[in-house]
Amino acid sequence: MADKPRRLNLNQKYQLMTRGLDWETTYQSMDDVFPYDKYEGIKIKDWDKWQDPFRLTMDAYWKYQAEKERKLYAILDSFAQNNSQLNISDARYMNAVKIWMQGVTPLEYAAFRGYAMLGRGFRGAGARVACQFQSIDEMRHYQTQMHAFSHYNKFFNGFRQYSRIRDRAWYLSIPKSYFEDAVTAGPFELITAISFSFEYVLTNLLFMPFVSGAAYNGDMATTTFGFSAQSDESRHMTLGLEVIKFMLEQHEDNLPIVQRWLDKWFWRGYRLLGLVGTMMDYMLPKKVMSWRQAWEIYWEESGMALFNDLSRYGLRPPKYHEVATKEKYRITHEFWSTIYQFSHATALYTWIPTNEELDWFSAEYGELFDTVYRPRYEYWAELHKNGERFFQKRLPVVCNVCQIPIFHTMPDDPLMNCCLVTEYKGTKHQMCSQGCKDIFDHEPEKYCQAYIPPQQIYQGNCGGATLEAYKEWLHIKEEETGEYYGSEDHRMWEEWKAQAAGTAVASA
Amino acid sequence: MAVKFVGDSYDFPCANRQENYGDDINIYVVWDHHLIYCAPNAYRLPPGMKFRDFLEQVFAPDYPQHPDTAGVDWDQGVWQLENEPWQPDLDKSFTENGIAHNSFIRVTTPGLEGMHGVGN
Amino acid sequence: MAENVFIALQNNPDARPIIEAIVDDNPAAVVNDSPGMVKIDCPKRLVIRRRTVEEKIGGEFNLQDIHLTLISLAGNIEEDDDEFVLHWNI
């Protein structure tokens, strides 16, 4: 197949459709037109050194995105027409999808807004074009996810008022605050936080094992939008790596700033992903991979290979990554224990894993699981059997940075809560870890403003000072919360299964 | 000031400052080695409350489903305030004990160290 | 620990010739199957050659078409009209 003459090659086309369409302003100074890309202290000598290794241009972008959408919606339509919600492994699985819709999908929308700002904010045309693509991608992800979930909303609880609880529910302030922290930073920090730390370093842990898990659990809708989104994500990841290399190649003064951002956003991302790991370990009835194993593959192996590569710029792996690695044996169990006891204040159901699942945990997590978490679950199961399902009624202390209830234990003592204190402007603030405390202490002016749900509840800003009043303010209905077994979702699922079995008997 | 900002100043009050609670204070307390209750508890209370009244009437009842709760004797507690060793007088108020807004208190109770030999 | 780069592709008919081409052109590549996807690890460097993919499908192939089936990757990327390369500089 001979190459056709006179067609522009990839690089020529990229140069023409990014740099070639840009110009230096003359009526106004460039600093006035792009007022926000210098104040963070990042020094750029030559924006033309910015390269998108994919050399994606607008014409190709539309072509590929249109093709992805055609495929995606064909599958979503057929999923709905064939009542494919009946093919999922178990209705418990739907709670993973609920967390996705309540917690992750709004992040897509937040990312759309953030990248729209970046697509205007950088003075380099290559960077602006890449951010504009990403902004449109993120809107697409938000829309396709909403479309896919709308089918589940016809049958299952927990989907109906995601936007209200996104702004109000304690457990959703975790992802919400993560993104709001990023978009209220400057443009270079935002792109480092999201494109590099989150998308390059950490989203593999979300999209690869979890979406593959969705496939394994019969959820073709989530699998399809998940992988369709991830095909954009790999472009975003590449952008993330390029941004880091670009900043570090442009000026040596950028190194300490970038290193601090990596330290901060690795830790914030890791804390956020604890929720995802929990979803993966506990809400997938059919297991693909444990959080521990995913951490080993995607952080300890791939993440370290990445940081070895980046060490030539003087970067070191992010602070406290060893702590995250120590916590791989406990983080999801501690998180599940927390959601389990507070699930009466969520639009989710929780449960004690089956014996078969507990055996899987024992095999994946070993001694710590067998000595600490398994007997805990067995105790709670016993209480439940006796009609005393375990719930925590008192509000917890929440970390002033990651906004997670301080269930985390000390790095070297998994049997002792870790709660660190720092003082700013005469007010004490609590943090879950040295990682979060360092973040607070570096920018206390920012984090002292954090809207922390239990504090706001006690201040009377959330409907009242009790959990019951708070739940009413969330508009969460009793039938969509708490224990899975005996819930509306569970009863409906059992009826469907009985009908399917009856049909099978009748036709035999 | 470490935060980088656009404009002339960046100065906001703490969202969790005491004046947002009227005459009350927030305090945070954890009974260590009772990890089936996942996190330290948060309370909004009057600073003049007697510490013993808090422990017996408010705090202990927050651990209703733990077998250690029935036999707990707070006089045997080993205490920390802001993660430092500390000896409160249970019959004095929060304020008299040096407990202030957003104080963090830990207590362990020797002999009552949770279930399963691991502090559950 | 091997310094692997990786590429993950959807497990579907569009991706299959790409996967086969990767296996042919990268003797050290290890293919890991997972529900719905295939992850290919390779020490330090992995190449996708347009001509190898074209041989597999018996027609023209634009390397940018991998965007339709790509799930994730790790490594620095070099791409031109003929090759898509992932590599670590170590």
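Protein chains in written order, with our numbering: chain L, 1096 to 1603; chain R, 554 to 673; chain B, 7 to 96.
The C-beta atom is built at its ideal place from N, Cα and C for all residues, glycine as well.
Bear in mind the structure is a predicted one, so any value in this text is a computation, not a measurement.
Per DSSP, residue i is paired with what?
{"i": "alanine 623/R", "result": "According to DSSP, which records beta bridges pairwise, alanine 623/R is partnered with nothing at all."}
{"i": "asparagine 637/R", "result": "The question names asparagine, but residue 637/R in the sequence shown is glutamate. According to DSSP, glutamate 637/R bridges with Leu634/R."}
{"i": "histidine 1416/L", "result": "According to DSSP, histidine 1416/L bridges with nothing at all."}
{"i": "alanine 14/B", "result": "Lys45/B and Ser78/B"}
{"i": "arginine 1330/L", "result": "DSSP, once it has assigned bridges, lists no residue as partnering arginine 1330/L."}
{"i": "histidine 93/B", "result": "Arg51/B and Asn82/B"}
{"i": "threonine 1504/L", "result": "Asn1512/L"}
{"i": "lysine 1158/L", "result": "Note: lysine 1158/L sits in no beta bridge, so no partner."}
{"i": "leucine 1410/L", "result": "Leucine 1410/L is not bridged to any residue."}
{"i": "serine 1230/L", "result": "According to DSSP, serine 1230/L bridges with nothing at all."}
{"i": "lysine 603/R", "result": "Ser646/R"}
{"i": "proline 1578/L", "result": "Here residue 1578/L is glutamate; the residue named in the question, proline, does not match the sequence. In DSSP, glutamate 1578/L forms a bridge with Thr1445/L."}
{"i": "tyrosine 1542/L", "result": "Paired residues: none, contrary to the question."}
{"i": "methionine 1239/L", "result": "Note that residue 1239/L is threonine in the sequence shown here, rather than methionine. According to DSSP, threonine 1239/L bridges with nothing at all."}
{"i": "tyrosine 1519/L", "result": "Thr1522/L"}
Residue range of the alpha helix (DSSP H) that residue i falls in?
{"i": "glutamine 1388/L", "result": "1386-1390"}
{"i": "leucine 1569/L", "result": "1562-1569"}
{"i": "histidine 1524/L", "result": "It is not in any alpha helix (DSSP H) - histidine 1524/L instead sits in the beta strand (DSSP E) that spans 1522-1526."}
{"i": "threonine 1121/L", "result": "It is not in any alpha helix (DSSP H) - threonine 1121/L carries neither H nor E in the DSSP assignment."}
{"i": "serine 1268/L", "result": "1268-1278"}
{"i": "valine 1496/L", "result": "Valine 1496/L -> no alpha helix (DSSP H), and no H or E assigned at all."}
{"i": "aspartate 40/B", "result": "A small correction: the amino acid at residue 40/B is serine; aspartate does not occupy that position in the sequence shown. No alpha helix (DSSP H) contains serine 40/B, which is instead part of the beta strand (DSSP E) from 36-40."}
{"i": "tryptophan 1356/L", "result": "1349-1378"}
{"i": "asparagine 1190/L", "result": "1189-1194"}
{"i": "glycine 1313/L", "result": "No alpha helix (DSSP H) holds glycine 1313/L; DSSP gives it neither H nor E."}
{"i": "phenylalanine 1207/L", "result": "1200-1216"}
{"i": "proline 566/R", "result": "Looking at the DSSP string, proline 566/R is not in any alpha helix (DSSP H), and its letter there is neither H nor E."}
{"i": "cysteine 1531/L", "result": "1529-1537"}
{"i": "leucine 1105/L", "result": "1105-1112"}
{"i": "glutamate 66/B", "result": "That residue, glutamate 66/B, is in no alpha helix (DSSP H); it is neither H nor E in DSSP."}
{"i": "phenylalanine 1129/L", "result": "Counting along the chain, phenylalanine 1129/L falls outside any alpha helix (DSSP H), and DSSP gives it neither H nor E."}
{"i": "glutamate 26/B", "result": "22-31"}
{"i": "aspartate 1262/L", "result": "1257-1263"}
{"i": "leucine 1405/L", "result": "1399-1405"}
What does residue i touch in chain L if you count any residue whose Cβ is under 8 Å from its own?
{"i": "glycine 64/B", "result": "Ordered by position in chain L, no residue passes the 8 Å Cβ test against glycine 64/B, which lies about 10 Å from the chain."}
{"i": "asparagine 636/R", "result": "Cys1514, Leu1515 and Val1516"}
Along the chain, where does the beta strand (DSSP E) containing residue i start, and where does it finish?
{"i": "glutamate 84/B", "result": "82-85"}
{"i": "methionine 43/B", "result": "43-49"}
{"i": "proline 1509/L", "result": "1508-1512"}
{"i": "lysine 660/R", "result": "The sequence shown places valine at residue 660/R, rather than the lysine named in the question. Per DSSP, valine 660/R belongs to the beta strand (DSSP E) from 656-661."}
{"i": "phenylalanine 584/R", "result": "It is tryptophan, not phenylalanine, that sits at residue 584/R in the sequence shown. First-last of the beta strand (DSSP E) with tryptophan 584/R: 578-584."}
{"i": "asparagine 594/R", "result": "594-598"}
For residue i, return the contacting residues in chain R, with the cut-off set at a CB-CB distance below 7 Å.
{"i": "arginine 1489/L", "result": "Asn594 and Asp615"}
{"i": "phenylalanine 1482/L", "result": "It should be pointed out that residue 1482/L corresponds to glycine in this sequence rather than to phenylalanine. Neighbours of glycine 1482/L on chain R: none; closest Cβ ~12 Å, over 7 Å."}
{"i": "glycine 1281/L", "result": "Lys557"}
{"i": "tyrosine 1549/L", "result": "Note that residue 1549/L is proline in the sequence shown here, rather than tyrosine. Here the neighbours are Ala595."}
So residue i contacts chain R; which residues on that side make the cut at Cβ distance below 9 Å?
{"i": "glycine 1136/L", "result": "Lys557"}
{"i": "arginine 1471/L", "result": "Leu588, Ile589, Met668, His669, Val671 and Asn673"}
Find the residues of chain R that neighbour residue i, judging by a C-beta separation of less than 8 Å, and give them in chain order.
{"i": "phenylalanine 1485/L", "result": "Ile589 and Gln618"}
{"i": "lysine 1520/L", "result": "Pro566, Cys567 and Arg570"}
Run down chain B in chain order and give the residues with a C-beta less than 7 Å from the C-beta of residue i.
{"i": "glutamine 1325/L", "result": "Ile77 and Ser78"}
{"i": "threonine 1333/L", "result": "Ile83"}
{"i": "asparagine 1182/L", "result": "What asparagine 1182/L touches in chain B: nothing, since even the nearest Cβ is about 14 Å away."}
{"i": "alanine 1440/L", "result": "Simply none; closest approach about 33 Å."}
Which bits of chain L does residue i rub up against, with CB to CB less than 7 Å?
{"i": "glutamate 9/B", "result": "Ala1400 and Asn1403"}
{"i": "leucine 52/B", "result": "In chain order: nothing, as chain L lies at least about 13 Å away."}
{"i": "isoleucine 96/B", "result": "Asn1403 and Asp1404"}
Would you mind telling me which residues of chain B sit closer than 8 Å to residue i, beta carbon to beta carbon, in chain order?
{"i": "phenylalanine 1322/L", "result": "Gln16, Gly42, Met43 and Ile77"}
{"i": "valine 1371/L", "result": "Going along chain B, no residue has its Cβ under 8 Å from valine 1371/L, so there is no contact; the nearest lies around 15 Å."}
{"i": "phenylalanine 1361/L", "result": "None at all; the shortest Cβ gap to chain B is about 16 Å."}
Whose Cβ in chain L lies nearer than 9 Å to the Cβ of residue i?
{"i": "phenylalanine 565/R", "result": "Glu1540, Lys1541, Cys1543 and Gln1544"}
query: Counting pairs of beta carbons, one from the segment 1427-1435 of chain L and one from the segment 1501-1512 of chain L, are three or more of them closer than 8 Å?
result: Output reads yes: the segment 1501-1512 of chain L touches the segment 1427-1435 of chain L.
Entirely enclosed alpha helix (DSSP H) segments - the segment 1281-1306 of chain L, minimum 4 residues: DSSP assignment within the segment 1281-1306 of chain L yields the following whole alpha helix (DSSP H) runs of 4 residues or more, N-terminal first: 1282-1286.
task: Entirely within the segment 1414-1487 of chain L and at least 4 residues each: give me those alpha helix (DSSP H) ranges in chain order.
output: For the segment 1414-1487 of chain L, whole alpha helix (DSSP H) runs of length 4 or above, ordered along the chain, are 1416-1421, 1426-1437, 1450-1460 and 1469-1480.
query: Would you call the segment 1451-1461 of chain L and the segment 1385-1404 of chain L in contact, with 3 or more CB pairs under 8 Å?
result: Taking a cut-off of 8 Å on C-beta distances, the segment 1451-1461 of chain L touches the segment 1385-1404 of chain L, as three or more cross pairs fall below it.
task: State whether the segment 557-570 of chain R contacts the segment 627-639 of chain R, with contact taken as three or more CB pairs (one from each stretch) at a distance under 8 Å.
output: Cβ pair count under 8 Å is below three, so no.
Cβ contact (3+ pairs, closer than 8 Å) linking the segment 1290-1306 of chain L and the segment 1329-1339 of chain L: Cβ pair count under 8 Å is three or more, so yes.
- prompt: Any chance the segment 1120-1129 of chain L sits against the segment 1195-1209 of chain L, with 3 or more Cβ pairs inside 8 Å?
  reply: No, they do not touch.
- request: Count the C-beta pairs between the segment 1153-1168 of chain L and the segment 1226-1241 of chain L that are closer than 8 Å, then say yes if the count reaches three, no if not.
  value: Yes, the segment 1153-1168 of chain L is in contact with the segment 1226-1241 of chain L.
query: Do the segment 1268-1278 of chain L and the segment 1556-1565 of chain L meet, that is, are 3 or more Cβ pairs less than 8 Å apart?
result: Contact between the segment 1268-1278 of chain L and the segment 1556-1565 of chain L is absent, because fewer than three Cβ pairs lie under 8 Å.
query: Between the segment 1531-1543 of chain L and the segment 563-583 of chain R, do three or more beta carbon pairs fall short of 8 Å?
result: Yes, the segment 1531-1543 of chain L touches the segment 563-583 of chain R.
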